[in-house]
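Residue numbers (the working numbering): 2 to 324.
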């Protein structure tokens, strides 16, 4: 009996121990749940603080008076007035995006967009650089063209930039820009499109220099409307105020051609003889051909320095055409 009683006591103790263990497990699970909830609340609080901090930065960057652009600084203009460009830039940064974000905000200003719009509005500008200067300044640097070069063909005129690429020329044909316009008409009539490379940069530079050097070296004004047989011909034809035309080869230095022309005037064509002159062809270096409108001396070759041998003097009924 003692033995059985002892075994019963042991079983009861073991059973009680098991009950103790079973009661402890839910307590530990509850502690983990509380810790997890605390971590979640802590993460949510940190996330809210980050949102609050980001919102503060956005407000300061886009709405603070400290970062609002002041009066733009304009540099580099000569023909276009500083006030004109400043008013245009001011108009670009006036107002709000979506009725909320001020366009004058330092981080809201779009320099590339302003530069592109300036080039489109003012064809006389060869280059435009718009730069933000921290914290509230906008600097605009421009370079003006000597002439606005326009390529006209198939009843359409396109602006030609310094790289020879065509752009829309509608603004360049406005009355305020016409005093600076220099037109080259392609008599072949081959159409061109914006974005197309029409000329070599050297050809465009030759045409612009011609507008200044011809009257400077010869004292004779020329019309701002040139012609050429085609975009592939290395030639340029200009009409003078005296009524006659001069044909230039763009592959010959312009100074050399003008020197030849000046010597021709001194030796054979003084001003009195040029009244009925039709054209002078200077597309061969150091040589000149000329013709009169009334048939007198229809084609006269004239050699200038250095002299050309007699056997090389070939008479032609029409001006030579470059291919």
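For each residue, glycine too, the CB sits at the ideal point set by N, CA and C. These numbers were taken from a predicted model, which means no experiment stands behind them.
Beta-bridge pairing by DSSP links residue 52 to no other residue.
Per DSSP, residue 260 is one residue of the alpha helix (DSSP H) stretching across 255-268. If you draw a straight line from the Cα of residue 246 to the Cα of residue 293, it comes to about 11 Å.
In this chain, the alpha helix (DSSP H) harbouring residue 88 covers 83-93. Here the alpha carbon of residue 134 sits roughly 12 Å from the alpha carbon of residue 106.
Judged by DSSP secondary structure, residue 211 falls within the alpha helix (DSSP H) whose first and last residues are 202-219.
Non-local C-beta neighbours of residue 229 in its own chain, meaning closer than 8 Å and more than five positions away in sequence, comprise 185, 186, 187, 188, 236, 237 and 238, ordered along the chain. Nearest C-alpha to residue 95 among 176, 72 and 117: 72. In this structure, residue 241 places its C-beta atom within 9 Å of the C-beta atom of residue 224. Within the model, the alpha-carbon separation for residue 266 versus residue 226 is close to 23 Å. Rounded to whole angstroms, residue 89 and residue 283 show a C-alpha spacing of 46 Å. Judged by DSSP in its simplified three-state form, residue 225 adopts coil rather than helix or strand. In summary, residue 131 is buried, with 16 or more beta-carbon neighbours lying within 10 Å of its beta-carbon over all protein chains present.
For residue 111, the three-state secondary structure derived from DSSP is coil.
Note on geometry: alpha-carbon atoms of residue 120 and residue 114 lie some 10 Å from one another. Residue 174 sits close to residue 182, with the two beta carbons spaced by under 9 Å. As the crow flies, the alpha-carbon of residue 165 is around 24 Å from that of residue 79. Looking only at 261, 274, 260 and 83, the smallest Cα-Cα distance to residue 144 is reached by 83.
Less than 9 Å separates the beta-carbon of residue 178 from that of residue 149.
Residue 116 has its alpha-carbon roughly 26 Å from the corresponding atom of residue 203. Cβ contact annotation for residue 192 (same chain, cutoff 8 Å, sequence separation greater than five): 154, 155 and 157, in chain order.
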